[in-house]
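The letter at position 36 of the sequence shown is residue 1493 when you use this note's numbering, and the numbering goes up by one with no holes. Beta carbons are placed, not taken as given, at the ideal position from N, Cα and C, and that holds for glycine.
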Amino acid sequence: MMTIRSPSSLSSSRNFSSLRLSSINRLSSSSRSPVFVKCVFVSTINFHARTSWQLPSISKSKSTNESLFPPPSSGYSFFRSVLLSMEQAYLNRNPTAESVLDLVRSTDDNPVYYDHIAYRTFGLDGHGIDSMSKFFLDFGYTQREELRFPKKKLKALWFSPPDEPVVKGGFGVFGPLPRIFISELLVDQMSPQAQEIIKKYVGLSGQGHKHAILSSANGHLTWPRPSHSEFQQLASESEYAAWTLVNGYIVNHVTVSAHKLKCRLENIQSLNKFVEIQGFSMNSKGGVLKVSPDGLLLQSSTVADSMPFEFSDGVKAKVPCSYVEFAARLVLPEYKNLSEHMVEEIHRREGFEVDNADKIFESSSKDQLTRRVA
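So, in structure tokens, the structure goes:
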């Protein structure tokens, strides 16, 4: 399998990561005393020294002029820095994701805001949803609905963000806080052979589940690398299980809020077509555009990257990585008469849809990856 990168996006002088950091520096001036964020995780992710950034100026919401600068004790700076480390680990492993985000950002100077960030886990001995969710709950997130995927032997929970201050001019992890979507494999529903493999590596992880957030931030597994035969055994039964075995707690995907884009990319259909024209493959499962039954949640995604992986038995092969999703949340019927400039996120369709999400999971499937290379 080959990684496809768009020539036009690669030739762009704008890089999503550098733009994100430069926007932080540009916005950091404030009449108040500067607050510095020591990002302790970033040093482990292709940074050769620890880096400090000034916290950008922030406002409480889009609809108020009230200025709010959270005190250092609030943990606000620390939480954003962890999200930044997770994002950087994800981008480092997924060049297509970075190219697509850069492409969207550089087209008509579009703001890239995240609708949600997703993670995959093993539902066994504390390594499931709870291993990741505790961190977000500690920082003010609220648990919402549960979703079930019987055929894939999965369940998921999503979490809504707190009403945190919004960085003026910030985007990515420095924009409005994203929803969090965490899924887990129901290991006890797998075959005895698959359960044996998963239990082996969860066991070797020891207390690794207590450090799932750090694992996601530095991009390393909490268990040893598996053998190629073990990976293949899991993949034959559950591609989700095989993906999680070699990727661990790394971000599975970030989702761009398509309804917040503008000009040429202001609707998700135009965005999908634009991304495809630039040479990127889209997940075609159920059609490129996935639509909820009420017609108010529209989603699409790119096909996952693949990366070289050396298994414990010395076999070298490519394995699926992560991808980018796009989501458009349309205005609820009761707010359809609101003028466009008055519409906020609370006026739009909330939550997730099982059928949509089931198809989005296929972005890292062998079927989609094979189609991409063909």
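When the alpha-carbon of K1775 is set against those of A1785, A1784 and A1761, the nearest one is in A1761. When the alpha-carbon of G1736 is set against those of F1535, D1815 and V1557, the nearest one is in V1557. The beta-bridge partner set that DSSP reports for H1573 consists of R1636 and T1712. The C-alpha of L1728 is placed about 10 angstroms away from the C-alpha of K1719.
DSSP places A1761 outside both helix and strand once states are collapsed to three, so it counts as coil. Secondary structure of T1679 (DSSP, three-state): coil. Here Q1735 carries a coil assignment [DSSP, helix/strand/coil]. Three or more pairs of CB atoms, one per stretch, sit closer than 8 angstroms, so the stretch 1765 to 1783 contacts the stretch 1674 to 1691. Between the beta-carbon of R1786 and that of R1806 there is about 5 angstroms, and that keeps the pair under the 8 angstroms contact cut. With fewer than 16 other Cβ atoms from the protein chains shown falling within 10 Å of its own Cβ, E1602 counts as exposed. Taken atom to atom, the span from the alpha-carbon of A1669 to that of L1581 is near 14 angstroms.
Shortest Cα-Cα distance from N1813 to any of S1749, M1799, L1614 and Q1825 involves S1749. Under DSSP, the beta-bridge partners assigned to W1615 are F1638.
If the five residues before and after P1635 are omitted, its C-beta is found closer than 7 angstroms to the C-beta atoms of Y1571, D1572, H1573, I1574 and P1618, all from its own chain and listed in chain order. In this structure S1538 is buried. Its beta-carbon is surrounded by 16 or more other beta-carbon atoms within 10 angstroms. DSSP lists F1616 as the bridge partner or partners of Q1600. The C-alpha of V1708 lies about 36 angstroms from the C-alpha of S1796.
Contact annotation, N1740 with T1759: C-beta distance approximately 7 angstroms; criterion of less than 8 angstroms satisfied. For Y1697, there is no enclosing beta strand (DSSP E); the enclosing alpha helix (DSSP H) has its first and last residue at E1696 to N1704. Judged by DSSP in its simplified three-state form, G1744 adopts coil rather than helix or strand.
The beta carbon of P1790 lies closer than 7 angstroms to none in the same chain, with the five residues before and after it left out. The closest CA to that of G1752, considering only V1788, V1772, G1744 and Y1780, is found on V1788. The C-alpha of V1800 is placed about 45 angstroms away from the C-alpha of E1694.
Sorting P1777, S1640, S1648 and L1548 by C-alpha distance to the C-alpha of R1605 places S1640 at the top.
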